[in-house]
Structures are given as C-alpha cells and as structure tokens.
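Asks: Here the protein sequences come in this chain order: A and B. Counting from 11, one number per residue, gives the positions in the first sequence under the numbering used here. Counting from 148, one number per residue, gives the positions in the second sequence under the numbering used here.
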Amino acid sequence: MSTVVALSTPRGRGALAVIRLSGPQALAIVQRMAEVDAFDARRATLTNLKAGNDAEIIDQVLVTCFQAPHSLTGEDVVEISCHGSPAIVRRIVDVTLELGAELAGPGEFTLRALTNGKINLAQAEAIRDLIAAQTDAAVKQANRQLNGELSKALDPFKEKLVEVIVLLESALEFVEDDLPAPQLDHIEQALDSVIAGVGHLSASYSAGRLLQDGARVAITGPPNVGKSSLFNSLVRHERAIVTDVPGTTRDTLSEAIDIGGVPVILTDTAGLRETTDDVETLGIERTHRAMGDADLVLLVLDGSSELGPEDRDLLDRTTGACRLVVMNKSDLPSFQPFASCVDDVTPINVSARTGDGLPSLHSAILAKLNSSGADNGSLLITNARHYDLLCNAKKELESARACFLDRHSEELILAPLHNALKWLGQITGEKTTEDILSEIFATFCIGK
Amino acid sequence: MFDERFDVIVIGAGHAGCEAASAAARLGAETGLITLNLDLVGQMSCNPAIGGIAKGHLVREIDALGGIMGRVIDRTGIQFRLLNRSRGPAVQSPRAQADRMRYRAEMRRTLEGTSNLHLRQGKVVDFILDHGEVAGVELEDGRRFSARAVVVATGTFLNGLIHTGRRTYRGGRAGEPPSIELAESLKRLGFPVGRLKTGTPPRLDGRTIDWDAFEPQPGDQVPVPFSFSTDRLEQKQINCHIGYTTPEVHDSIRQNLSESPLYSGAIKGVGPRYCPSIEDKVVKFSDKSRHQLFLEPEGHDTNEVYLNGFSTSLPAELQQDLVRMIPGLDEARVIRPGYAIEYDFVDPRELGPDLQTARVRGLFHAGQINGTTGYEEAACQGLIAGINAALYTQNRGGIRMRREESYIGVLIEDLIKQGVDEPYRIFTSRAEYRLALRYDNADERLERYGREIGLVGDSDWERFNSRQTRLALLRKALDETRLRKSDAQHAAVSALLNADLGDVISLAQLAKRPRVTANLIMSLLPGELKPVTESDLSSVLADSLYEGYLNSQKATIAKLYQHDGLRIPGDMAFQAISGLSNEVVERLDRARPQTFGEARRLPGLTPAALSTLLVFLSVQQKAI
Chain A
11 MSTVVALSTP RGRGALAVIR LSGPQALAIV QRMAEVDAFD ARRATLTNLK
61 AGNDAEIIDQ VLVTCFQAPH SLTGEDVVEI SCHGSPAIVR RIVDVTLELG
111 AELAGPGEFT LRALTNGKIN LAQAEAIRDL IAAQTDAAVK QANRQLNGEL
161 SKALDPFKEK LVEVIVLLES ALEFVEDDLP APQLDHIEQA LDSVIAGVGH
211 LSASYSAGRL LQDGARVAIT GPPNVGKSSL FNSLVRHERA IVTDVPGTTR
261 DTLSEAIDIG GVPVILTDTA GLRETTDDVE TLGIERTHRA MGDADLVLLV
311 LDGSSELGPE DRDLLDRTTG ACRLVVMNKS DLPSFQPFAS CVDDVTPINV
361 SARTGDGLPS LHSAILAKLN SSGADNGSLL ITNARHYDLL CNAKKELESA
411 RACFLDRHSE ELILAPLHNA LKWLGQITGE KTTEDILSEI FATFCIGK
Chain B
148 MFDERFDVIV IGAGHAGCEA ASAAARLGAE TGLITLNLDL VGQMSCNPAI
198 GGIAKGHLVR EIDALGGIMG RVIDRTGIQF RLLNRSRGPA VQSPRAQADR
248 MRYRAEMRRT LEGTSNLHLR QGKVVDFILD HGEVAGVELE DGRRFSARAV
298 VVATGTFLNG LIHTGRRTYR GGRAGEPPSI ELAESLKRLG FPVGRLKTGT
348 PPRLDGRTID WDAFEPQPGD QVPVPFSFST DRLEQKQINC HIGYTTPEVH
398 DSIRQNLSES PLYSGAIKGV GPRYCPSIED KVVKFSDKSR HQLFLEPEGH
448 DTNEVYLNGF STSLPAELQQ DLVRMIPGLD EARVIRPGYA IEYDFVDPRE
498 LGPDLQTARV RGLFHAGQIN GTTGYEEAAC QGLIAGINAA LYTQNRGGIR
548 MRREESYIGV LIEDLIKQGV DEPYRIFTSR AEYRLALRYD NADERLERYG
598 REIGLVGDSD WERFNSRQTR LALLRKALDE TRLRKSDAQH AAVSALLNAD
648 LGDVISLAQL AKRPRVTANL IMSLLPGELK PVTESDLSSV LADSLYEGYL
698 NSQKATIAKL YQHDGLRIPG DMAFQAISGL SNEVVERLDR ARPQTFGEAR
748 RLPGLTPAAL STLLVFLSVQ QKAI
C-alpha cells in the first residue's frame, strides 16, 4: 500500500496549514525530515523540518502521529502543522514526495478510511459535506452526520422495522410452532411510528438543503420603494461570504451573505426591472422567474404612502409564495407603522436608509427559512441521496401499511418491508450493494 | 491394485447420499454407494416427516430436477398436509409424515432398480489421491475402490459423539458406530473442520399412550403430493396428535439442568436455534407455561411413536420420569431415549457452486458435512453433488443453481459464500425472491434443467409440457373472458363482492381483487375449459397475484448484476487492494476471475470484499 500526502487545509495564504500523510511509510518519511528523534503517538511535537540531514530548515512545525489502526484512515497517519505560506507547503510536500510519498487522489483519505472500516458510507458523505460546507450552521450539521447522528437517528426506526418483520416472518415460517398470534394493533402502531419517523427525517431535507446549498432570497416590489437600498444595507449589515460561487460577485445583482449561519443568496430583482427598456412585460416576466426560483420572497412596499393598486396586485400574486412583506421608509414622517395592508399579513417595518428594523427583518428571514427547524438543534437531511432513500423507504412502508390494513397475506406485506429496510440500510452502508458504492464514488471528488 | 472400479463413489446412504448416487448412476456413471449398514439406507435419523415451510419447496425442486425424494415420500407418506393454506401461495408448502420403515424399504427398492448403481456395505477410512486429485477410497476391511469423483455424504457420523445425561459414547447415530478415520483423513487433507450439535427426542410405545388426552390432527382431505408425477397416494392415512407440557415438567427439568450436557458444558458443538431441546425451551422461554408436543406415529407396522417437540439429552431414566408427567403420558414407556449428538462438519466455503472442493479436485461434499440440518437440505445437496460428480467424470460442465431461481440455489450460495456458525436450515425468508419461488411452480422453474442434464425422462417431460400447455390456455382464458355490465354474471359478482366492477372486467383482473376465491373464478370460466384442476388454476392465479411484485423484482435482479461485465485486468495484483483479507486475496489469486461477475460468484467473497473490489475496479477504469 502506498503512502499518500496532501494539503488538508484550503489552498492559499493563511496563518497555518496542515499537511497530512497516510500509509505505512508516513512516520518514516516525516522522521527523516524532522530534527527530533521520536514522536509520541497522538501528541503534538515541536520540531524543525529539513529536506535532509545537512539541508537548511524549511519550517518550524508541529507534528502529530496517529498509529494504525487508531487514525482517521486506519493507517499510520502523520499531520504536520506548518506556517501557512504556499511556498513552505509546497516545499514540505515536495520533500515527502522525494522520500517516497505519493500525492493523494481526490477523496483518497476518505476512501482509505472507508475501505479500512473506519467510517461508514453516511460518515463518508458527511465528510464531503463538511468540506463543502459554507457556514457555521452547515458545518455543525455536517458534523452531526459525521458523528453518526443520522445512523443513530435511523437506528430506532430500523430496529422497530426489523421487529415488525420478525413478527410477520415468524408467523409465516413457524406455523407449526405454538406461537402467540401477532398483535395486530402493535404492528400497526409500530408501522405508523416508523413511517412518521422516516417521514419526519425526509421532510427536514428542504431545511437541510438550504443549509448546504444556500437559500435563495429574492427582493421584489414596485419601483421606487427602496429595494436596492434594502439589498445594499442587508449586504452591508450581514457578513458577506467570500466565495467563488458563480453569480455571486459584486457586479451582479446577487450577493451571498450569511444570516445567522444560513448561507443566503440575495437577489435584487429591482435592478432587472429598472434597466429594462422594453418597459413592463419583459421586466415582470424576469421578476417572476426570480421569484419562482426563490426559497423566500421579500416583497418590499413603500410604507410612507398609501398602498396603490399595483401594491395590492403584487400582494395578491405572492400570496402562495414563501414571503415576507417589508414596509420600507420607516424613517419618513408619513410612515404608517401598523399599516395592515392585507388581513393575516404582518409586515416588517424597516428603514433601509437608517438600518432601523434590520435586526427584526434578519430574525424574520431566519424564522421563515428555519420553519423546518434548521437551528433548533434537530437533525437535518442535507444529502440528496439520503433524501431519495428516505422517500423510497417511506413509499415502501406506506404500501406495506396499506397491504397490512387490507389484511393481505404476510408475504405481501413483507415484500415492501424488506425493500424499506434495504433502502434505509443503504444510507448507513450496512447493506452495501455494488450500485450504491459505484454511485458514491462516481460523485466523490472532494475530501482530503 | 483396485478391488472394484467406479466412476463415482458416494460415501453414506442417507438422504444426500441416496440422491447423489441415484442421479450419478442415471447420468450414466458407474456409481458405488458405500454405507455402514445396508439395512439403513434412507434412514430418517430424527423425525419421521418430510417437508414443511421452505423444506417442501426444496423437495418439489428436487423432483423437478429429476431427483427421487418426492416420489419416495409420496409412496410411503401416511399423513399429508399443505401448510400455510390461509396465506399466499408463495409461502404454502407441503409436509408429510413418513412410515419410517417403508420409506427405507422404498428408497432401497428405488436404488436397487437403478442401472449402473451398486450398493456396497463397508466403512471408508481414507481417500486415495493421484496428483492431488481423487482416485478412489480405501475401506476398513482393506478393499480399495477406484473412482474419478467421490461424494462425501456422511451426515452426523463424522467423529460423532453421543450424549445422554453425563454419559457420552462415540456413535454416528444411536446404536451405530461413528466414522472417525474419515474425519481424520479430511483433516489431513487440510480441510477446516468445525463442530456442530443436534438432538432428538425419546420414542414411546404407542400402546402405553392415553390417546384420548390428545387433540387429533388429521391430514388434508385432498392431500397435496410432493412429486409432480404423483397422481394418487398409496398408503392409508393416519392422524397425528397434539399435546402440551406442564409447569411441573418445566420445574423438574430446571431442577435437573446440571444433568444436561447442554448446560454442564460437556457439549461444545453449536446447536440449531430453531430446533431447541426441551431444556433450552424451558430455560430460554421461562415465561411460557406450556410447550406444544406432537405425537407422530412412526408407521403402520410399529407401535413406536415419535414425541416431536421434546428433544433432550437429559439422562435416560430422567426422560422416562419427565414423559410420565405429561398429561396423557402417565403410563407411557420410552422405547428409545432421546440424545444429543456432536459431529464434525467441513467449512462449506471450501466448496464451489457445484459442491466440489477447491482443495481436492473430484471431491464433493453434500449434506450435514456442509453444516446443514434437515433431510430435504441434505437431499438437494446430494442431488447437485451427484449430478456434478457424474458430469465431472464425463468431462461435461457442471450445473449451478441460481438463488433467484430456486431455494436450492439460495441454500448452496449461502453455504459457500457465508459458511455456517450453526446448523443451517432453509427458510423462505432466506430467499430474496420468495414470491417467485413457489412450491407449485418448481417445475416451471427447473424441469428444463433436469431435462437438459438428462435426469427427467420422456414421460415426465411429456407430463410437464402438457401441464405448461394447459396453464397457457388457462392464462389466455382468464385474460380473454370478460364480464360485461350487460351480463347477468357481472351483476351477480358485483353484488357478491359489494364492489363496482366497472363496465367490463377480465377474470384475470377480477382475480386480483380481495375476497375473490379460486372457486368463484372456476365458476366463471367458459364451459369448454372445464374440467380445470384446482392445482392448475391456483398456479395461474398465483402468477397473476404476484405479477406486479415479480416485475419489480426482475428490475432489481437486473440492477444487481449490472456490474458483472466489468473486466478485471489479467495482471491485477489483488494483494495490493487494501481492505481485502488474506483469505479473500488467496481465493481471488487461485480463481483469477476475468470479470466482476465471475468474482461475485466465487465462494467466500463477502459483500464487503466485493464492494471494495468494485470500488477499485471503478477507480482504475476511470483512471484509464
């Protein structure tokens, strides 16, 4: 087995960088570069690194060794924390390559951990999510799945499902044994609770997906109500995320910001409309498209004047969407703070100019996005494959339940139950089939 | 230097050995069947019954392939019941009580009537090898027989050790000597050997039983035979009886547990969880106030009664006391005490799907030596081993049973891929494709294989084909016979089912509705199709009941095998793949599979190992 090396922290200049080696030669390679004679397992040791005995010092680093199998990959692993200069990192990696290491392929550390049984599939996917995670809340969520929380959350349902399967199977297989008749209401309750549990987890996907991919929030409203001002003050008020996500640079009308840990892609549809020469029609169409794509629509109205027919029209048309109504210009004397434009709408009053009311808007946006509980500490599904599998399982469970209520013979109820167990098993990788693995590794391209 | 020359030698004339010898001989191989006692050919060591859930499926499959067990039990069965009648057709299964002595006699008559088949009494003590391949066997009395293929079907005789109470003695069955030398020679050849345990209950004198204290259990009014060729049963049919243990019996067992070799630690072998001794039942299910017992007559020519459900290895004198505590058995006398037996088995992961060992070419293992339990499990392995042994000596390719096509395939694949850690019994739940594997369609699934190999004779083949033609006609009729709103029958059926049937409905569609019985469909069939037999109609209706499920299963099967074409480079260094155990690497190196599909079918390759291999093959292909 080869020994692989890779930079484990993001590329570019930082205070520190971590270089990781994994494989049988990891310790020997680092030992030949280090000035100290030996490393204690799992203890950080300060040492100078050199290219060879007489060579000059490359950097003063912290070295931590993890001996097989007690490491991330199950192999000998050495982590070198060096200073975060790209030149130093490149020099250290180059020397390890000269000493026999190979550059790790994409996902190779995770692959090794998986093949050595250190992590299961759900954890491998969580590592990928962790690396791709954009904000604190998403990191926290990815961490939860990494710690096997998804597996843990699923286990009780799988156990209950197995319990039902066992009851029905034994009724079939052991007809000659004097078994107590299965308690029908017990089976029904157990099925209901598994369906509810699996359903609850799969329903968390929309919130989970927002954490992972970012929520799309569109600002819309009639002309001259201050949409662009609101856009700019929101971007100024919140911490902008510096990423290279396409379409989120400053010269477009979208901006990626972090609202309470949720990555948000804020889009100002106003600009679209105002720069269009061919007046209303095209502009409205584009606005509608932006609104249709959005997870949340901020409908901005001018609170300093009476609502006009155009305002009411927009209110009507956005009724079905996930929206917040924002009354802007609260700093003007003519503003009517409690203007209830439509029944059952509670507008949020802000002044884009002074920043007044922005914290309330902030909370309201979070509350809307988190309606499935992104921040209340419960586990969220963030991975599309997990979501699909949960939906499949739920469908099978429901069909089993229907079979059961129709009092079909056990083998017909069991067919979908076994399928459901298979789908759930595929999430944690316990019942690995060739399919699932090839699918994962076809998409598994990040992760060191 | 050889006293006799055979093509195939079968060691042991139990249920595996009889099928193996019969199949090999009928395929044209000169076959020697060697047994310790010619009077005990086809002996049922334990309960006098064949079939049961999933086991009945196996017997039907044996029959469809051209085996003999189904015919022999049909001629000697004294009570037939189709189990799970209230459930769907896929999980129904035939079962029969056998007349133990007549079963033996009929089996011996069948074997003696087979050309090329030669019964020999003797004790095989060693294998004769030539360049690592089987060349024959050596007997205790010094005789040497040559053969190119040897099937080992030694049952519980390999190094058998019998326990009753604290007494132990060497034996292959009560009153019969064990086979110790053969166990040693298998070990010398390097086979990994383990230890299993099984047990049997006491047999009672039927004249001392108060039969009125028990509930009679009659057989079916219309018995369902095992063999597709059986038209009618010959034996007079009898009742079994059901009774129960009492808390007093349980207390007494608990007080005497120290006398049981199971609980004193004397027995090291692992017993089957699904066939527990009465000691185990009492200890592990202490909240149960009674355990069910079956009184099964051993046959028409004897008073002996088998006390099913009371398997025990407690001391013989204690067994007598315990039996008399059971209501209705107050006066009962034990004819033969129950006992536990430990025996050697060889790790079945040594075998290929043809049941040939990878270690010694020409050597085949079948039955309990592979870690299974049950006559039916043994017989189906015997059949496959016998067929493959004969084909091997004729330089013809072997047969391999697929798990999506037969319970035999499920059993063999489970054995050779997963090995055993307790005696292996077949269950319907072991079959992923259970809905497709029905007892009534075993012929449709397998008869053509039996015909291709040469075990299914002309008359059976003709019968099979005429049944297939009848089923096809019936299927067509069910699709084409439609009830229209204008018909009187439409209104009558709607009223009967209290359901809206729409403007027009075919009988096939009608059959899928709840509460529609085979009798109702029968009454609606056009006159020219009558008389339709109940069994034909149930088969066709079962096809239609499971159709939707079976289609989605087909898709699953196709998906399962989608990677089979992935090529493995000829110079693939398996030992360089981390995550593969040395054992797996060894197997891969020995077999040098060229595709993933070939690797997938290798014995001993765990799902985890296959996944790892697949990942590496995929990564490698991407790199190219």
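In this text, a Cβ means the ideal position worked out from N, Cα and C, and glycines have one as well. Keep in mind that this is a model prediction, so the values were computed, not measured.
#1: Which ranges does the beta strand (DSSP E) cover as unbroken runs of at least 3 residues, wholly within the region 56 to 134 of chain A, from first to last along the chain?
#2: Would you check if the region 160 to 170 of chain B and the region 189 to 196 of chain B touch, i.e. whether three or more CB-CB distances between them fall below 8 Å?
#3: How would you label Ile67 of chain A, buried or exposed, when you count the other beta carbons within 10 angstroms and need 16 or more for buried?
#4: Show which residues of chain A have a CB atom less than 8 Å away from the CB atom of Ala231 of chain B.
#5: Can you tell me the Cα-Cα spacing of Arg267 of chain B and Leu258 of chain B, whole angstroms?
#6: Can you pull the chain B residues whose beta carbon is under 9 Å from the beta carbon of His179 of chain A, in chain order?
#7: For a cutoff of 8 Å on Cβ pairs, would you count Ser18 of chain A as touching chain B?
#8: Between Leu182 of chain A and Asn231 of chain B, which are expected to be in contact by the criterion C-beta below 8 Å, what is the C-beta distance as a whole number of angstroms?
#9: Determine the direct distance from the alpha carbon of Asp434 of chain B to that of Tyr410 of chain B, and round the result to whole angstroms.
#10: Using beta-carbon positions only, say whether Asp323 of chain A and Leu311 of chain A come within less than 8 Å of one another.
#11: Against Leu422 of chain A, what residues of chain B qualify as contacts under a CB-to-CB distance less than 7 Å, listed in chain order?
#12: Check Val155 of chain B in the structure and name its three-state DSSP category.
#13: Can you name the start and end residues of the alpha helix (DSSP H) that Ser374 of chain B belongs to?
#14: Grab the span of the beta strand (DSSP E) containing Asn455 of chain B for me, first residue to last.
#15: Over the uninterrupted alpha helix (DSSP H) stretch that includes Leu171 of chain A, give me the two end residues.
#16: Alpha carbon to alpha carbon, what distance is there between Lys659 of chain B and Gly224 of chain B?
#17: Classify Thr259 of chain A as buried or exposed, calling it buried when 16 or more other Cβ atoms lie within 10 Å of its own Cβ.
#18: Quick one: grab the DSSP three-state call for Ala642 of chain B.
#19: For Ala211 of chain B versus Ser240 of chain B, is the C-beta spacing smaller than 8 Å?
#20: In three-state terms, what does DSSP make of Gly161 of chain B?
#21: Tell me whether the beta-carbon of Ile459 of chain A lies closer than 8 Å to the beta-carbon of Ser212 of chain A.
#22: Could you name the residues of the region 581 to 604 of chain B whose beta carbon sits closer than 8 Å to any beta carbon of chain A, in the order they occur along the chain?
#23: Since Ala266 of chain A meets chain B, which of its residues come closer than 9 Å, beta carbon to beta carbon?
#24: In chain order, which continuous runs of the beta strand (DSSP E) of length 3 or greater are located wholly inside the region 225 to 281 of chain B?
#25: Taking the continuous beta strand (DSSP E) assigned at Tyr316 of chain B, which residues delimit it?
#26: My assumption, with CB atoms under 8 Å, is that Trp433 of chain A sits in contact with Leu399 of chain A. Please give the rounded CB distance.
#27: Looking at C-alpha atoms only, which residue of B:Tyr486, B:Phe441, B:Ile473 and B:Leu205 is the closest neighbour of Arg320 of chain B?
#28: Tell me the start and end of each unbroken alpha helix (DSSP H) in the region 369 to 427 of chain B that is at least 4 residues and wholly inside, in chain order.
#29: Whose C-beta lies closer than 8 Å to the C-beta of Pro673 of chain B among residues of the same chain, with five residues either side of it excluded?
#30: Mind checking which residues open and close the beta strand (DSSP E) that includes Tyr539 of chain B?
#31: Return the chain-ordered list of same chain residues with a C-beta closer than 6 Å to the C-beta of Leu390 of chain B, the five sequence neighbours on each side being excluded.
#32: Would you say the beta carbon of Gly556 of chain B comes nearer than 7 Å to a heavy atom of the ligand GTP?
#33: Is the CB of Val206 of chain B under 8 Å away from at least one CB in chain A?
#34: At the 8 Å Cβ level, is Leu752 of chain B part of the contact set with chain A, yes or no?
#35: I'd like to confirm the pairing. Which residues does DSSP put opposite Gly179 of chain B in its beta bridges?
#36: Could you list which residues in chain A have their beta carbon closer than 8 Å to that of Thr759 of chain B, in chain order?
Replies: In short:
#1: Complete beta strand (DSSP E) runs here, min 3: 67 to 76 and 87 to 93.
#2: They touch, by the three-pair rule.
#3: For this step, residue 67 of chain A is matched to residue 57 along the first sequence. So Ile67 of chain A counts as exposed.
#4: Translated into the one-based positions of the second sequence, residue 231 of chain B becomes position 84. Here residue 231 of chain B is Asn; the residue named in the question, Ala, does not match the sequence. Under the 8 Å cutoff, chain A gives Leu182 and Val185.
#5: Against the second sequence, residue 267 of chain B aligns to sequence position 120. Against the second sequence, residue 258 of chain B aligns to sequence position 111. The straight-line gap from Cα to Cα measures roughly 12 Å.
#6: Working through the first sequence from its first residue, we reach residue 179 of chain A at position 169. One detail in the question is off: residue 179 of chain A reads as Glu in this sequence, not His. The contacting residues are Phe574, Thr575 and Ser576.
#7: To locate residue 18 of chain A, count along the first sequence from 1; it is residue 8. For Ser18 of chain A, the answer is no, since every Cβ of chain B falls outside 8 Å of its Cβ.
#8: Position 172 of the first sequence, counting from 1, holds the residue named residue 182 of chain A. Position 84 of the second sequence, counting from 1, holds the residue named residue 231 of chain B. With a Cβ gap of about 7 Å, Leu182 of chain A and Asn231 of chain B count as contacting.
#9: Along the second sequence, one-based indexing puts residue 410 of chain B at 263. Along the second sequence, one-based indexing puts residue 434 of chain B at 287. So the alpha carbons of these two residues sit roughly 19 Å apart.
#10: Counting from one through the first sequence, the residue named residue 323 of chain A turns up at place 313. Counting from one through the first sequence, the residue named residue 311 of chain A turns up at place 301. No, these two residues do not count as a Cβ contact at 8 Å.
#11: Position 412 of the first sequence, counted from the first residue, corresponds to residue 422 of chain A. Gly235, listed in chain order.
#12: Along the second sequence, one-based indexing puts residue 155 of chain B at 8. Three-state result, Val155 of chain B: strand.
#13: Translated into positions along the second sequence, residue 374 of chain B becomes position 227. From DSSP, Ser374 of chain B is part of no alpha helix (DSSP H); its letter is neither H nor E.
#14: For the purposes of this step, residue 455 of chain B is taken as the residue at position 308 of the second sequence. Segment Glu451 to Asn455, the beta strand (DSSP E) holding Asn455 of chain B.
#15: Here residue 171 of chain A is taken as the residue at index 161 of the first sequence, counted from 1. Run containing Leu171 of chain A: Glu159 to Glu183, per the alpha helix (DSSP H) assignment.
#16: Residue 224 of chain B sits at position 77 when you count from the first residue of the second sequence. Residue 659 of chain B sits at position 512 when you count from the first residue of the second sequence. Rounded to whole angstroms, Gly224 of chain B to Lys659 of chain B spans 35 Å at the Cα level.
#17: By 1-based counting over the first sequence, the position of residue 259 of chain A is 249. Only weak support exists for where Thr259 of chain A lies, its pLDDT of 32 falling under 50; the value from the coordinates is given anyway. Its Cβ having fewer than 16 others within 10 Å, Thr259 of chain A is exposed.
#18: Within the second sequence, residue 642 of chain B is the residue found at index 495, counting from 1. Helix, per DSSP.
#19: Here residue 211 of chain B is taken as the residue at index 64 of the second sequence, counted from 1. Here residue 240 of chain B is taken as the residue at index 93 of the second sequence, counted from 1. Not in contact: Ala211 of chain B and Ser240 of chain B (Cβ atoms no closer than 8 Å).
#20: As a first step, residue 161 of chain B must be located in the second sequence, where it is residue number 14. In this structure, Gly161 of chain B counts as coil in the three-state DSSP scheme.
#21: With chain A covering only 11 through 458, there is no way to say anything about residue 459 of chain A.
#22: Only Arg581 and Leu582 from the region 581 to 604 of chain B bring a Cβ to less than 8 Å from some Cβ of chain A.
#23: Translated into positions along the first sequence, residue 266 of chain A becomes position 256. Those within 9 Å of Ala266 of chain A in chain B number zero; the least Cβ separation is about 32 Å.
#24: 240 to 245, 264 to 268 and 271 to 277
#25: Counted from its first residue, the second sequence places residue 316 of chain B at position 169. Segment Arg314 to Arg317, the beta strand (DSSP E) holding Tyr316 of chain B.
#26: Working through the first sequence from its first residue, we reach residue 433 of chain A at position 423. Working through the first sequence from its first residue, we reach residue 399 of chain A at position 389. About 5 Å; that satisfies the 8 Å criterion.
#27: In the second sequence, residue 320 of chain B corresponds to position 173, counting from 1. Nearest of B:Tyr486, B:Phe441, B:Ile473 and B:Leu205 to Arg320 of chain B, Cα basis: B:Tyr486.
#28: 394 to 402 and 408 to 411
#29: For the purposes of this step, residue 673 of chain B is taken as residue 526 along the second sequence, with counting starting at 1. Once the five neighbours on either side are set aside, the close Cβ partners of Pro673 of chain B are Ala624 and Thr628.
#30: Taking the first residue of the second sequence as 1, we reach residue 539 of chain B at position 392. Here Tyr539 of chain B belongs to no beta strand (DSSP E); instead the alpha helix (DSSP H) covers Tyr522 to Thr540.
#31: In the second sequence, counting from the first residue as 1, residue 390 of chain B sits at position 243. The question names Leu, yet the displayed sequence has Gly at residue 390 of chain B. Phe361, Leu440 and Gly475.
#32: Although the ligand GTP was asked about, the structure shown includes no ligands whatsoever.
#33: In the second sequence, counting from the first residue as 1, residue 206 of chain B sits at position 59. It does not: the Cβ of Val206 of chain B has no partner Cβ on chain A nearer than 8 Å.
#34: Counting from one through the second sequence, the residue named residue 752 of chain B turns up at place 605. With 8 Å as the cut-off, Leu752 of chain B does not count as an interface residue toward chain A.
#35: Counting from 1 along the second sequence, the entry for residue 179 of chain B is found at position 32. DSSP lists B:Ile156 and B:His265 as partners of Gly179 of chain B.
#36: Working through the second sequence from its first residue, we reach residue 759 of chain B at position 612. Correct list: Thr125.
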